[in-house]
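*Asks:* Have a look at this one.
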Amino acid sequence: MSYAQFNLIEASDYNGLVGGNPTTSSGTLNAVWATGGGQTGYGQTAVGNVAIGQSVAATNWASLINSVNSANSHQGAAATSLSAPVAGGVITYLSGLPTALTNIYTNRGNAVAQGSTSTTSVSNASAWSDYANFAFTVSFANGDAARYFFNAGGQLRLTCSHSNTDAGINAAMNSLCTAVGNIFLSGQNSGSRSIAGSSFNGITKTGGSGSTETLATNAGYFGLNTANTLILDQNSGTAPYTTTVQVLMYARTSAANVSGNGDNGSSVFVNVVLDKISGNGVLGANSTAVLTVFPPSTGNIANTWGTITVSGSSTVV
């Protein structure tokens with residue numbers, strides 16, 4: 329029997345709406361709410377199935393509805409208008425439930441808000457004449473933890489600065505770092521997501537100015553591999569340094585499918601390179617790169633991504 333008005337709600341109907349765990353099937357709660365797989369799944373406690381032949385209790389139904397509403401609220405969509413029954417209450421047919429389940433799957437990458445940020449800043453203490461390379465490692469407890477972080481709206485942001493403003497090549501690098509603005513690394517390998525009120529691709533530039541030689545919009549967490557991917561290349565807009573002064577950013581992950589649930593590694597490695605391709609001139613000390621972690625909001629879901637560890641180092645030549 330299918331879930332429909334005036335029909336008896338059987339265990340098979342309820343289980344079809346909840347889904348198993350893990351599952352990635354659209355129209356099932358656990359695909360988005362629980363383990364999921366790949367680019368779906370928040371890692372919340374799965375809503376259990378009901379044994380075939382057993383009655384569907386009001387508490388079972390309430391678990392389904394409350395979880396749908398929480399996922400929907402996390403995504404920032406309009407209220408579902410689905411009301412959960414109280415224990416011992418009557419389960420009523422909800423015509424909007426199948427649509428709500430489809431919607432939370434479609435909108436699974438969206439997030440209405442994010443949690444408190446943490447920053448890791450790395451500076452070089454000496455002058456340099458070739459390049460300054462800032463390397464960051466972002467580590468999660470396991471592949472699923474990384475997957476839940478990005479699936480629930482987590483992001484990494486990269487910025488750089490060069491404090492020396494002496495006329496010439498130092499001023500050019502100072503201006504270029506400002507022009508780079510903010511580079512966000514989100515989860516997806518294609519398309520856009522709405523996160524905290526703004527639209528993001530896998531790699532997104534916000535603020536700053538000028539044009540980029542490379543902006544790898546599809547190279548979010550799930551678009552990376554174990555080889556360095558150039559996610560940003562922006563050249564100086566200051567003559568005569570337009571082809572000799574540049575900022576490069578690279579990203580890669582540690583492995584693929586460590587958990588068996590379609591993750592893309594438990595660590596993300598990022599390099600921010602301030603580069604002087606050729607020409608005379610020495611770049612002053614105190615060039616800086618900053619990586620900021622924007623964790624998902626825990627207003628409607630629990631923290632399933634755990635503690636995130638960030639380390640950074642710099643090399644100048």
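Residue numbers (my numbering): 329 to 645. The beta-carbon is built from N, C-alpha and C at its ideal position, and this holds for glycine as well.
1) Check whether the Cβ atoms of residue 586 and residue 593 lie closer than 8 angstroms to each other.
2) Rounded C-beta distance between residue 486 and residue 576? I'm assuming under 8 angstroms.
3) Compare the C-alpha of residue 641 against each of 615, 629, 627 and name the closest.
4) Buried or exposed: which applies to residue 511, given that a residue is buried once 16 or more other Cβ atoms fall within 10 Å of its Cβ?
5) Here's the rule I'm using: 16 or more other beta-carbon atoms within 10 Å means buried, otherwise exposed. How should residue 421 be labelled?
6) Among 360, 583, 384, whose alpha-carbon lies nearest the alpha-carbon of residue 402?
7) Run through the DSSP bridge pairs and tell me what residue 561 is partnered with.
8) Of all the options 388, 409, 542, 564, which has the alpha carbon lying nearest to the alpha carbon of residue 417?
9) Using only the alpha-carbon positions, how far apart do residue 623 and residue 516 sit?
10) Residue 336: buried (16+ other C-beta within 10 angstroms of its C-beta) or exposed?
11) Sort out for me which residues DSSP pairs residue 450 with in a bridge.
12) What number of angstroms, rounded off, separates the C-alpha of residue 419 from the C-alpha of residue 413?
13) Would you mind reading off the limits of the alpha helix (DSSP H) that contains residue 344?
14) Is the Cβ-Cβ distance between residue 564 and residue 630 less than 8 angstroms?
15) Report yes if the C-beta distance between residue 540 and residue 574 is below 8 angstroms; otherwise report no.
16) Residue 645 by DSSP, collapsed to three states: which one?
17) Using a Cβ-Cβ cutoff of less than 6 angstroms, which residues in the same chain neighbour residue 464 once the five nearest sequence positions on both sides are dropped?
18) Leaving out the 5 sequence neighbours to the left and right, which residues in its chain are closer than 8 angstroms to residue 566 when beta-carbon positions are compared?
19) On the DSSP letters alone, give me the boundaries of the alpha helix (DSSP H) that residue 478 sits inside.
20) Beta-carbon within less than 6 angstroms of residue 637's beta-carbon, same chain only, minus the 5 sequence neighbours each way: which residues are those?
21) Assuming the contact rule is C-beta atoms closer than 8 angstroms, residue 441 and residue 524 should be a hit. Round their C-beta distance to whole Å, please.
22) Can you tell me which of 400, 381, 370 puts its alpha carbon nearest to the alpha carbon of residue 341?
*Replies:* Taking the structure as given:
1) yes
2) Not quite, the Cβ-Cβ distance comes to about 11 angstroms (not below 8 angstroms), so this is no contact.
3) 615
4) Buried is the call here.
5) exposed
6) 360
7) 542, 576
8) 388
9) Between the alpha carbons of residue 623 and residue 516 lies a gap of roughly 15 angstroms.
10) exposed
11) For residue 450, which the question treats as bridged, DSSP gives the partners 617.
12) 6 angstroms
13) 339-346
14) no
15) no
16) coil
17) The answer, listed in chain order, is 598, 619, 640.
18) Setting aside the 5 residues that flank it on each side, residue 566 is surrounded in the same chain by 499, 500, 503, 504, 573, each with a C-beta closer than 8 angstroms to its C-beta; the list follows chain order.
19) 471-479
20) 467
21) With 8 angstroms as the limit, residue 441 and residue 524 qualify as a contact, their Cβ atoms being about 6 angstroms apart.
22) 381
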